[in-house]
């Protein structure tokens, strides 16, 4: 991970801004899929992350 820009400080995690940035980078459908998967699993990540699909921007 690389931090390219300082967005200042917040009193709480800016979830809306983070999700919007992910949607911009990865597409809304993909991000909503991640969120749905996490909600369905109850927050448990029971998968091999080394087998995850690598995102390659078009």
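Residue numbers (our numbering): 8 to 65. Cβ atoms here follow ideal geometry from the backbone N, Cα and C, with glycine treated the same way. Predicted model, so just to flag it, every value in this text is computed and none were measured.
- The Cβ atoms of residue 64 and residue 28 do not sit closer than 9 Å to each other.
- For the options 22, 34 and 19, the alpha carbon positioned closest to that of residue 62 is the one of 34.
- In this structure, residue 22 and residue 30 do not form a Cβ contact; the two beta carbons are roughly 12 Å apart against a cut-off of 8 Å.
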